[in-house]
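In numbering that gives the first Met the number 0, the protein residues as written are 0 to 179. Just so you know, even glycine gets a beta-carbon here, dropped at the ideal spot from N, CA and C. This one's a predicted model, so the numbers in the text were calculated from it and none came from an experiment.
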Amino acid sequence: MRVGIFTGALALAYVDTPAAYAPTGSSPQFSLRDLIGDGLLWAVPKHRRTVEKRHKRKYGSPDYKLKIFVPKTHLRSCATCGSDHEVGILCPTCYKKVRTETELMQDKIQQELGLDPVDKEVVVLYDREKDEQPDEFWQGKRIVEMEKPRPMWFGKNLLQRSTHSTPEPDELKPGHEKLG
């Protein structure tokens with residue numbers, strides 16, 4: 000005689016009585032148990048994602064945003080300082096030098112001239128540059144002198160105005176057609 004493993008073991012039985020869950024009112028109400036029944040709901044997708052969609056979620060799309068690292072091919076080294084920068088963007092090392100020099104100039108202008116409105120042209124001169132021009136050249140201009148020599152990268156032609164008055168019709172470059 001063969002004896003089973005579960006002989007004498009405790010067992011549980013469950014009997015579902017629909018009358019126990021029925022509402023007492025006359026109007027039928029929504030019940031989640033009626034909707035589900037005896038089935039179970041698992042949080043699983045009904046359809047599998049395609050390989051293309053899985054790869055797009057994992058790695059991104061080249062049209063929108065890539066999640067993988069792509070090497071930059073538009074890096075150049077600066078001819079002045081030798082540090083690397085992207086094409087079309089100023090070298091950060093050289094820009095930092097220019098920015099600090101500009102801030103020093105602005106501080107010196109604010110110390111000497113204050114916050115008064117500018118009614119005359121402001122000229123920034125470095126060490127021993129005032130002697131290069133005659134005194135008549137500096138008349139009618141507000142002069143700010145820096146106590147250090149001019150940096151090599153800071154050209155002297157910056158003293159010339161960059162904006163010119165509108166040219167006369169006869170001064171137009173060849174190839175431009177005169178209107179009128």
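Limits of the unbroken beta strand (DSSP E) element including residue i
i: Glu50; result: Contrary to the premise, residue 50 reads as Val rather than Glu in this sequence. First-last for Val50: Val50 to Tyr58, but that is the alpha helix (DSSP H), not the beta strand (DSSP E).
Sequence-distant residues of the same chain with beta carbon closer than 7 Å to residue i, five excluded per side
i: Gly179; result: Unreliable placement is indicated for Gly179, whose pLDDT of 44 sits below 50; no coordinate value is reported for it.
Host alpha helix (DSSP H) of residue i (start-end)
i: Ile108; result: Pro91 to Leu112
Simplified DSSP assignment, three categories, for residue i
i: Ile142; result: strand
i: Glu120; result: strand
i: Glu128; result: coil
i: Trp137; result: helix
i: Asp33; result: helix
i: Lys155; result: helix
Beta bridge counterpart(s) of residue i as assigned by DSSP
i: Asp83; result: Ser76
i: Leu65; result: Gly59
Same chain only: Cβ atoms within 8 Å of residue i, ignoring 5 sequence neighbours per side
i: Leu65; result: Tyr58 and Gly59
i: Leu112; result: Val121, Arg141 and Val143
Beta-carbon proximity list for residue i, same chain, < 6 Å, skipping 5 on both sides
i: Val121; result: Arg141
i: Thr79; result: Cys93
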